[in-house]
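First comes the structure, then the notes that go with it.
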Amino acid sequence: MINIIHSAEEFDKLIADNDVVLVDFWATWCGPCRIMLPTVEEIAGETGGKFAVAKVDVDENEDLARRFRIMTIPTLIYFKGGAVAEQSVGVRTKGQILATVEKYL
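Each step along the sequence shown adds one to the number in full-length UniProt numbering, with nothing skipped, and position 90 is 90.
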């Protein structure tokens, strides 16, 4: 399941409530973001509860985009224990994303 984030409070709760979280910062007008959408959806459907997946629209959540200094999208941020563990910018394959997540499980 993908958690669609609508506020900083919702984001903070998700990060606090889950040990490992993959967050996709994106926008509706972003072509590379649309390319990654099926991959992120597929990963979210296969987590088996081991980690959470969230999407943050940078246009609707400018405060979160500023907090994490998102300058280019798509940006994936991997959280472990409530802190940023790793960040990647640009389109990633399912294998690349899962390999990164696996490091933090």
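Even glycine gets a Cβ: it sits at the ideal position worked out from N, Cα and C. Quick caveat: nothing in here was measured; it's all calculated off a predicted structure.
Buried versus exposed, by CB contacts within 10 Å (16 or more), residue i
i	result
Lys50	exposed
Ile70	buried
Leu105	exposed
Of the listed residues the options, nearest to residue i (C-alpha basis)
i	options	result
Thr28	Val101, Val56, Gly90	Val56
Gly31	Gly95, Val101, Leu98, Ile73	Ile73
Glu86	Leu76, Thr93, Lys94	Leu76
Ala99	Met1, Ile43, Asp59	Ile43
Arg92	Asp17, Asn3, Ile5, Ile35	Ile35
For residue i: DSSP bridge partner residues
i	result
Ile5	Val56
Val84	Phe79
Leu22	Val53, Tyr78
Euclidean distance between Cα positions of residue i and residue j
i	j	result
Thr47	Val53	8 Å
Phe79	Leu37	19 Å
beta-carbon residue i near the ligand GTP non-hydrogen atom, thresh 7 Å
i	result
Glu10	The ligand GTP is not part of the structure shown, which contains no ligands of any sort.
CB of residue i within 8 Å of CB of residue j, strictly
i	j	result
Thr39	Lys94	yes
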